[in-house]
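Encoded as structure tokens, the structure appears first; notes follow it.
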Amino acid sequence: MKSWYLLYCKPRNERRAQQNLAMQQIESYLPVIQEERISQGKTKLVEALLFPCYLFIYFDPTQVSVSRIHSTRGASRIIGCREDMTPIDDRIIQQIKHRVMKHKPEVDKGIQAGDKVQFTEGPFVDLEAIFEETNAEKRCFVLFNIMGQQKRLCVDKESIKKV
């Protein structure tokens, strides 16, 4: 009977193992999330493995040879593969898939220079400003009217939203 099993892969070879297993008609699941990384002062979304070096595979050990999987390029060994293999409950895989889908961050808030923004936290909560530009380290500059003068403030991107 087909079940999910956990495959340990060689370091940074999870995708290679997944491709080679697909060529053998073995279903697999590689949980990937989007992470914000700062490179050269710009924030970029990059794919990051939820479980580095691990791949979930769905197969029937009575139909597919375990040694065939172990000899797949990029793969190392099936976890818990001794005399009796221990399958992973389908509900666990479904929960992981559900959480990965929920984790998708906003790619961009769509705020452009000149847009009106509102503070969502901090001492200026609910007050409005004008977005000027993005700065490194998850910060940005806004133009804020205070006491009849326009001041340039450096604030956390998470503390503003587009109006």
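Residue numbers (the numbering used here): 326 to 488. We put the beta carbon where it would ideally sit given N, CA and C, even for glycine.
Here the alpha carbons of I413 and H423 stand approximately 16 Å from one another. If you ignore the 5 residues before and after G405, its C-beta comes within less than 6 Å of the C-beta of T411, all in its own chain and listed in chain order. When the alpha-carbon of I471 is set against those of T459, A454 and E483, the nearest one is in A454. Between C465 and K486, the alpha-carbon positions lie close to 12 Å from each other.
Listed as beta-bridge partners of F469 by DSSP are K476. Sequence-distant Cβ neighbours of N338 in its own chain, meaning closer than 7 Å and more than five residues away, are G399.
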